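Q: My questions all concern the structure below.
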Amino acid sequence: MMHFRVLVAMGAFLAACAQAHAALKLCNQTSYILYAARGSATKTDLSTSGWTRIVPGDCATPIPDPLDAPAYFIYARTSRAHSGPARAWGGGAQICARDTNFAERVKLPVRRCKTNGFYRMPFAVVDRHAKPDWTTTFTESPAIRSRADAKRAGVNRLLQDLGYHVQGPGERARDLALDDFHKRAKLPADANDAELFAALETAAINATAPAGYTICNQTEQPLWAAIGLPAPKSTTTRGWWQVAPRACSQALAQPLQMDRVYLFAKRANGAPLVNGPAKLCVASGQFHRAGNPPCSGKSVVERPFAVTNTKDRSGFVARIGESGLQPSSGTGK
Numbered sequence: 006m007m008h009f010r011v012l013v014a015m016g017a018f019l020a021a022c023a024q025a026h027a028a029l030k031l032c033n034q035t036s037y038i039l040y041a042a043r044g045s046a047t048k049t050d051l052s053t054s055g056w057t058r059i060v061p062g063d064c065a066t067p068i069p070d071p072l073d074a075p076a077y078f079i080y081a082r083t084s085r086a087h088s089g090p091a092r093a094w095g096g097g098a099q100i101c102a103r104d105t106n107f108a109e110r111v112k113l114p115v116r117r118c119k120t121n122g123f124y125r126m127p128f129a130v131v132d133r134h135a136k137p138d139w140t141t142t143f144t145e146s147p148a149i150r151s152r153a154d155a156k157r158a159g160v161n162r163l164l165q166d167l168g169y170h171v172q173g174p175g176e177r178a179r180d181l182a183l184d185d186f187h188k189r190a191k192l193p194a195d196a197n198d199a200e201l202f203a204a205l206e207t208a209a210i211n212a213t214a215p216a217g218y219t220i221c222n223q224t225e226q227p228l229w230a231a232i233g234l235p236a237p238k239s240t241t242t243r244g245w246w247q248v249a250p251r252a253c254s255q256a257l258a259q260p261l262q263m264d265r266v267y268l269f270a271k272r273a274n275g276a277p278l279v280n281g282p283a284k285l286c287v288a289s290g291q292f293h294r295a296g297n298p299p300c301s302g303k304s305v306v307e308r309p310f311a312v313t314n315t316k317d318r319s320g321f322v323a324r325i326g327e328s329g330l331q332p333s334s335g336t337g338k
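Just so we're on the same page, the working numbering is the position in the sequence shown counted from 1, plus 5.
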């Protein structure tokens with residue numbers, strides 16, 4: 006994901022209530038697609054992970070087990086599909102996280118964030134009143150009074166992000182915009198809300214390529230991706246980014262300054278989905294290493310990377326479909 010400015014949204018707040026059917030449940034009563042991170046702390050350890058995608062009017066359960074840790078934390082930010090400044094929902098607990106997907110467990114106290122893109126983000130403390138089950142709802146405006154309101158407002162916002170006009174008397178402008186988008190996106194008439202939001206978000210992200218290197222998964226299954234960055238004497242490889250179905254993850258946030266970026270992607274079962282002629286080294290777990298063969302070290306193997314052309318581009322979107330790498334977009338310097 007791109008590097009978001011961490012801003013506590015004006016007028017936004019966290020509302021929480023007890024819920025008997027989920028351990029930690031997060032609900033989105035805003036007009037934005039949100040990506041949430043969570044943390045839990047014991048006396049000696051801090052566990053964090055992100056990002057969980059939550060569309061307007063929907064809920065997610067990032068922690069499915071009973072809440073028995075002494076402390077829990079949450080943070081959410083808007084999808085980069087949305088135009089305008091990034092917005093965030095958080096609090097006063099400064100916890101290390103990064104813009105791309107992560108899962109970490111560290112010893113307390115944490116004196117500094119580790120390298121590889123981690124920095125402090127302002128998480129909110131979940132005041133669950135010692136209950137084993139809790140629901141937190143992200144809210145935006147008093148005008149959005151229900152999750153149904155949020156779902157409608159979310160569709161409208163994404164249509165506007167794509168340049169559609171949805172305001173006007175009655176429903177005509179909105180209906181015309183939705184009909185046109187369905188045709189352009191080749192969505193079936195009976196597409197459900199999840200399919201509609203996925204298509205709208207992907208289209209909004211693809212409309213302009215943000216600075217950096219973004220990986221978009223257009224398949225129905227999660228995938229894992231690694232990249233290679235050329236340097237004068239060698240190539241550096243990094244991975245893995247887990248990219249959820251119909252979602253995107255930004256591997257590099259800074260404007261691109263190289264002519265090419267190498268990309269390898271695989272399915273959950275390890276089968277290659279994107280590969281090519283460049284032989285580079287990867288590890289089985291999270292890694293950031295010299296990537297040129299010969300590959301040495303525990304669980305380090307050689308993989309065939311594809312070459313993506315990033316010359317004269319500050320941003321690049323690598324779109325991955327069922328058949329592999331799709332035609333991609335970029336923005337010039």
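Even for Gly, the Cβ is constructed at its ideal location relative to N, Cα and C.
Here the structure is a predicted model, which is why all the values come from computation and not from measurement.
1. Per DSSP, which residues does N33 bridge with? Please list them.
2. What does the alpha-carbon distance come out to for the pair R251 and E225?
3. Please report the straight-line C-alpha distance between V312 and C286, rounded to a whole angstrom.
4. Given this structure, state the Cα-to-Cα distance separating D73 from P137, to the nearest angstrom.
5. To the nearest whole angstrom, what separates the beta carbons of Q255 and T219, a pair I think is in contact under 8 angstroms?
6. Thinking C-alpha only, which one of A236, A270 and D317 is nearest N297?
7. Verify whether the separation of the beta carbon atoms of G320 and A216 is less than 8 angstroms.
8. Tell me the start and end of each unbroken beta strand (DSSP E) in the stretch 257-327 that is at least 3 residues and wholly inside, in chain order.
9. Report the residue from S45, V279 and Q172 whose alpha carbon sits nearest the alpha carbon of P75.
10. How is A14 classed by DSSP in three states: helix, strand or coil?
11. Look up A231 in the DSSP assignment and give the residues it is bridged to.
12. Just the C-alpha distance for D264 and L39, rounded to the nearest angstrom, thanks.
13. Is the distance from the Cβ of P67 to the Cβ of A108 below 8 angstroms?
14. The alpha helix (DSSP H) spanning G44 covers which residue range?
15. Drop a sphere of 10 angstroms on the beta-carbon of P282, count the other beta-carbons inside from all chains shown, and report buried for 16 or more, exposed for fewer.
16. I'd like the list of long-range same chain contacts for E327, defined as Cβ closer than 6 angstroms, with 5 residues on each side in sequence excluded.
A: To lay it out plainly:
1. F143
2. 7 angstroms
3. 15 angstroms
4. 6 angstroms
5. 5 angstroms
6. A236
7. yes
8. 265-272, 277-279, 283-288, 292-295, 305-314 and 318-326
9. S45
10. Model confidence at A14 stands at a pLDDT of 41, short of 50, so the residue's coordinates are unreliable; what they give is reported in the following sentence. The answer is coil: DSSP assigns A14 none of H, G, I, E or B.
11. G244 and F269
12. 33 angstroms
13. no
14. Segment L39 to A46 is the beta strand (DSSP E) holding G44; no alpha helix (DSSP H) there.
15. exposed
16. T224
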